[in-house]
Amino acid sequence: MERTFLMVKPDGVQRGLIGEIVSRFENKGFQLVGAKMVAVTKELAETHYGEHKERPFFHDLVQFITSGPVFAMVWEGDNVIAEARKMMGATNPNDALPGTVRGDFGVHLSKNIIHGSDAAESAAKEITLWFREEELVSYTKTI
Ligand code: CMP
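Just so we're aligned: the sequence shown equals residues 1 to 143 in the UniProt record's numbering.
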């Protein structure tokens with residue numbers, strides 16, 4: 001069973017979108033197996049976004065993600081990495097289709113509400129970076 005890391009960014013938290021976003025993924029049929037509010041440190045932000053270190057927007061990105069709490073999650077399900085990316089919409093909310101999280105709620109490239117792992121390798125890395133093993137559960141539906 002595949003797992004992915006998703007995070008409601010500070011703008012999404014402050015706009016009260018946690019419930020809406022969790023609902024969308026629950027309604028789709030994915031299982032939430034880990035979740036927590038996190039006050040992101042500079043170190044965690046720099047590690048998480050390490051691949052963008054040389055990009056001109058790196059400093060602003062780290063500043064933004066540490067500007068307020070985020071809601072970090074691990075979701076499980078068939079093909080959840082790619083499906084979650086579809087449900088999030090394009091990185092730039094102006095390119096994201098209606099019906100996607102960013103298309104419905106976002107307007108800024110830098111404040112785009114949600115982050116999701118882009119591949120199996122980054123999902124594994126990000127889950128390990130953000131969660132300890134004992135913070136994750138595994139369960140089978142019994143109802
Ligand atoms: P995310 O999916 O969290 O991964 C990297 C983030 O960098 C991305 O979402 C955007 O929020 C941000 N980003 C990407 N390109 C730019 C850009 N050109 N200017 C500012 N922020 C960007």
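Note that beta-carbon positions come from the ideal geometry of N, C-alpha and C, so glycine has one too.
So is the beta-carbon of His115 under 7 Å away from any non-hydrogen atom of the ligand CMP?
Yes, Cβ of His115 sits closer than 7 Å to a heavy atom of the ligand CMP.
Should Leu61 be listed as close to the ligand CMP, given that the test is whether its C-beta is under 7 Å from any heavy atom?
Because some heavy atom of the ligand CMP lies under 7 Å away, the Cβ of Leu61 counts as near it: yes.
Evaluate Pro10 with the Cβ neighbour count: other Cβ atoms within 10 Å of its Cβ, from every protein chain shown; 16 or more gives buried, anything less gives exposed.
Result: buried.
Going by C-alpha distance, which of Thr142, Tyr139 and Lys125 is nearest Leu6?
Cα-wise, what sits closest to Leu6 is Lys125.
Answer yes if the segment 88-100 comes into contact with the segment 29-45, meaning at least three C-beta pairs across the two stretches below 8 Å, and no otherwise.
With the cut-off at 8 Å, the segment 29-45 and the segment 88-100 do not touch.
Within its chain, find whatever has a CB closer than 6 Å to the CB of Met1; leave out the 5 residues flanking it on each side and keep chain order.
For Met1, where only same-chain residues beyond five positions count, the Cβ hits under 6 Å are Glu76.
Suppose you measure from the CA of Lys86 to the CA of Glu134; what does that come to, to the nearest Å?
Their backbone Cα atoms lie some 29 Å apart in a straight line.
Return the Cβ separation of Arg3 and Ala123 in integer angstroms, given the expectation that the two are a contact with Cβ distance under 8 Å.
Contact holds; Cβ gap of about 6 Å.
Consult DSSP for His108 and reduce its assignment to one of helix, strand or coil.
In this structure, His108 counts as coil in the three-state DSSP scheme.
Say the cut is 7 Å; is the CB of Thr91 nearer than that to a heavy atom of the ligand CMP?
Yes, the ligand CMP has a heavy atom inside 7 Å of this Cβ.
What are the start and end residues of each continuous beta strand (DSSP E) run of 3 or more residues lying completely inside the UniProt domain "Nucleoside diphosphate kinase-like" (1-138), in chain order?
Taking only runs of at least 3 residues, the beta strand (DSSP E) segments lying wholly in the UniProt domain "Nucleoside diphosphate kinase-like" (1-138) are 2-8, 31-38, 70-77 and 114-116.
Please report the distance separating the alpha-carbon of His115 from that of Lys28.
Spanning the two alpha carbons is a distance of roughly 18 Å.
Measure how close the beta-carbons of residue 144 and Val8 come, nearest whole angstrom, since I'm counting them as under 8 Å.
Beyond the ends of the chain as shown, which are 1 and 143, falls residue 144; an answer cannot be given.
Excluding the 5 residues flanking Lys42 on each side, which residues of the same chain have their C-beta closer than 8 Å to its C-beta?
Result list for Lys42: Val62 and Thr66, in chain order.
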